[in-house]
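To keep things clear, I will list the structure first and then write my remarks on it.
Numbering (my numbering), first residue to last: 1 to 87.
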């Protein structure tokens, strides 16, 4: 199992939408979900190329507590099952 925590989602979205849109971050744009959605799409493409089937969940809530534990109050934002394409 892999766990990936994006630690600079606000900065990534800020670079993508520019200075004018920067004021919308957190109000209209959820930076974490936007970055996670883009990552899921990239991982899906890569996994299919490698022949990997997987289940990827974008969740709101888990928090890393140092390097020893994770808290899991979970709200699933997006879920995608990746299956191999025939052909």
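From the three backbone atoms N, C-alpha and C, an ideal C-beta is built for every residue, glycine too.
Counting only the Cα atoms, residue 4 lies some 17 Å from residue 82.
In this structure, DSSP gives residue 57 an extended state, which the three-state scheme calls strand. Contact holds between the stretch 26-45 and the stretch 72-79, because three or more Cβ pairs, one in each stretch, are under 8 Å apart. Non-local C-beta neighbours of residue 40 in its own chain, meaning closer than 8 Å and more than five positions away in sequence, comprise 56, 58, 78 and 80, ordered along the chain. Just so you know, the alpha carbons of residue 12 and residue 54 end up roughly 25 Å apart.
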